[in-house]
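Here the structure comes first, spelled out in structure tokens, and everything after it is commentary.
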Amino acid sequence: MTEQNAAPQNGAEQQKKTVFSGVQPSGKLTLGNYLGALRNWPAMQEENRCIFSVVNLHSITVRQDPAALRRQTLEVLAQYIACGIDPEKSLLFIQSHVPAHAELAWVLNCYTMFGELSRMTQFKDKSQRYADNINAGLFTYPVLMASDILLYQTDLVPVGQDQKQHVEIARDIAQRFNGVYGPVFAIPEPLIQGPGAKIASLAEPTKKMSKSDQNQNAFVLLMDKPEDIMRKFKRAVTDSGSQVVRGEGKDGVNNLIAIYSAAAGCSPEQTEAEFAGKGYGEFKQAVGEAVVEVLRPVREQTERLLADKAYLEQVYAEGARQAARAAERTLEKVYKKVGFVKKPF
Ligand code: TYM
């Protein structure tokens with residue numbers, strides 16, 4: 035992105051909203067990550083000041099294999115670009131390269147209540163799933179996420195439905211801090227877009243599609259081969275009915291309708307009209323084909339980018355430099371407000 039985009043601006047530039055979002059590199063990205071988040075981001079970079087981070091600090095709240103984490107971090111960066119995020123227009127960086135995230139998180143930990151963190155549904159889910167490793171990082175994870183967002187004076191946070199609660203706590207923390215010290219942080223809003231905002235597991239459609247699912251047939255990966263994608267959709271759980279319409283208790287079909295609509299860029303009503311009178315078998319085939327077609331260019335472009343490590347390094351180095359500058363400005367303000375002696379260098 036151009037240098038100006040990371041800094042406060044005059045005139046027209048000042049009208050632009052700041053957009054921030056991130057994806058954890060804790061595994062391979064799924065169709066849920068794509069339809070709920072990444073797919074919506076490129077369109078935002080024309081009108082807004084966009085910042086997208088690969089949030090690797092968040093990933094270590096669950097044990098990671100170090101070599102895999104490093105590889106996946108670059109893969110997510112490549113996937114951002116492959117999905118259409120242009121490093122000339124948006125700021126792309128790796129979270130651990132900007133120390134201000136961890137520094138602000140410490141301060142905000144002291145302005146976040148134990149009770150409000152205890153109510154986070156993701157903490158409750160993950161502490162059940164990883165019962166042998168309920169670490170403090172898992173508990174304060176939303177505070178780090180609030181720091182990501184608040185450091186850049188973010189207005190909009192485009193995320194899937196599952197992250198809404200975390201953006202809301204970021205708002206609460208910002209309001210609390212501003213209430214004590216005056217207007218330090220912009221108050222961010224979650225932006226939950228379209229039918230892809232909540233993609234469910236193909237095997238157990240009452241659960242969200244997640245990269246950490248043990249069942250390989252529950253999720254589609256961005257890097258899956260077409261034949262694997264088709265097989266997973268053929269096996270997708272539906273119900274005993276036969277019509278392609280949404281309804282109570284039809285979680286599997288509701289999910290397939292959401293996926294088709296998000297992939298084909300139409301509304302769920304249009305999808306129902308298109309498949310009126312057709313059976314589940316034909317519909318599943320069509321959903322698979324639509325997904326294969328949207329993911330094909332993303333997969334191919336990711337592979338090309340991963341073969342060019344020098345380019346990726348150039349992108350994340352420049353991103354880190356600009357992000358650090360923007361983040362430092364907010365951190366300095368915060369440090370001053372809470373009473374820290376100004377840094378001598
Ligand atoms: P993460 O890495 O789990 O997911 C990245 C994005 O994908 C969306 N998503 C989904 N959308 C629809 N259906 C699904 N099944 C699905 N699964 C995932 C998520 O909502 C998210 O938008 N805590 C965040 C990462 C984060 C962040 C941030 C996001 C850290 N700091 C600051 C925004 C702003 C997370 O774990 O997302």
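In the numbering used here, the protein residues as written are 35 to 379. For glycine and all other residues, C-beta sits at the position ideal for the given N, C-alpha and C. All of these numbers come straight from a predicted model, not from anything done at the bench.
Closest by C-alpha distance to Asp-273, when choosing among Val-110, Pro-76, Val-287 and Val-349:
By one-based count along the sequence shown, residue 273 stands at place 239. Cα-wise, what sits closest to Asp-273 is Val-287.
Among the residues of its own chain, which have a CB less than 6 Å from the CB of Ala-361, if the five just before and after it don't count?
In the sequence shown, the residue the question calls residue 361 occupies position 327. Contacts found: Val-132, Ala-134 and Leu-185.
Using the DSSP secondary-structure output, state which residues sit across from Ser-55 in a beta bridge.
Counted from its first residue, the sequence shown places residue 55 at position 21. The partner list for Ser-55 (beta bridge, DSSP) reads Phe-86.
Just checking, does the region 76–88 make contact with the region 257–271 on the three C-beta pairs under 8 Å criterion?
no
Suppose the cutoff is 7 Å on Cβ atoms and the five residues either side in sequence are ignored; what does the same chain contact list for Ala-136 look like?
Indexing the sequence shown from 1 puts residue 136 at position 102. Cβ within range, chain order: Leu-91.
Would you say the beta carbon of Phe-54 comes nearer than 7 Å to a heavy atom of the ligand TYM?
Numbered from 1 along the sequence shown, position 20 holds the residue referred to as residue 54. For the ligand TYM, at least one heavy atom lies less than 7 Å from the Cβ of Phe-54.
Measure the alpha-carbon distance for Ala-358 versus Val-349 and round it to whole angstroms.
Your numbering for residue 358 matches position 324 in the sequence shown. Your numbering for residue 349 matches position 315 in the sequence shown. Rounded to whole angstroms, Ala-358 to Val-349 spans 14 Å at the Cα level.
Taking only the alpha-carbon atoms, compute the straight-line gap between Lys-160 and Ala-71 and give it to the nearest angstrom.
Mapped onto the sequence shown, residue 160 falls at position 126. Mapped onto the sequence shown, residue 71 falls at position 37. Each residue's alpha carbon lies about 21 Å from the other.
What I want to know is whether the C-beta of Ser-244 ends up closer than 7 Å to one or more non-hydrogen atoms of the ligand TYM.
If you number the sequence shown from 1, residue 244 lands on position 210. Because some heavy atom of the ligand TYM lies under 7 Å away, the Cβ of Ser-244 counts as near it: yes.
Please list, in chain order, all residues of the same chain as Val-53 whose beta carbon is under 6 Å from its beta carbon, the five residues on each side excluded.
For the purposes of this step, residue 53 is taken as residue 19 along the sequence shown, with counting starting at 1. Sequence-distant partners of Val-53 (beyond 5 residues in either direction) whose C-beta falls short of 6 Å from its own C-beta, in its chain, are Met-78, Asn-82, Cys-84 and Leu-190.
Drop a sphere of 10 angstroms on the beta-carbon of Met-147, count the other beta-carbons inside from all chains shown, and report buried for 16 or more, exposed for fewer.
Residue mapping note: residue 147 aligns to position 113 of the sequence shown, counting from 1. Taking all protein chains in view, the Cβ of Met-147 is surrounded by fewer than 16 other Cβ atoms within 10 Å, so the residue is classified as exposed.
Find the nearest neighbour of Leu-126 within the set Gly-149, Leu-142, Ser-87 and Arg-163, judged by alpha-carbon distance.
Start at 1 with the first residue of the sequence shown, and residue 126 comes out as number 92. Answer by Cα proximity: Ser-87.
Local conformation of Ala-41 per DSSP, three classes:
Taking the first residue of the sequence shown as 1, we reach residue 41 at position 7. Unreliable positioning characterises Ala-41 in this predicted model, as indicated by a pLDDT of 48, which lies under 50. The coordinate reading is nonetheless provided below. Correct three-state label for Ala-41: coil.
Top-ranked residue by Cα proximity to Leu-65, from Ala-341, Ala-354, Glu-352 and Arg-330:
On the sequence shown, residue 65 is found 31 positions in, with the first residue counted as 1. Closest option to Leu-65, judged by alpha-carbon separation, among Ala-341, Ala-354, Glu-352 and Arg-330: Arg-330.
Return the residue from the list Val-375, Phe-379 and Tyr-369 that minimises the CA-CA distance to Val-141.
Counting from 1 along the sequence shown, the entry for residue 141 is found at position 107. Comparing Cα positions, the closest option is Tyr-369.
Measure from the alpha carbon of Val-177 to the alpha carbon of each residue in Val-254, Asn-212 and Tyr-145, then state which is nearest.
Counting from 1 along the sequence shown, the entry for residue 177 is found at position 143. Closest by alpha carbon: Tyr-145.
Can we count His-131 as close to the ligand TYM, meaning its CB is less than 7 Å from some heavy atom?
As a working mapping, residue 131 is identified with position 97 in the sequence shown. Not a single heavy atom of the ligand TYM lies less than 7 Å from the C-beta of His-131.
At a cut-off of 7 Å, is Gln-98 close to the ligand TYM when judged by its beta-carbon and the heavy atoms of the ligand?
Here residue 98 refers to the residue found at position 64 when the sequence shown is read from its first residue. Checking the Cβ of Gln-98 against the ligand TYM gives no.
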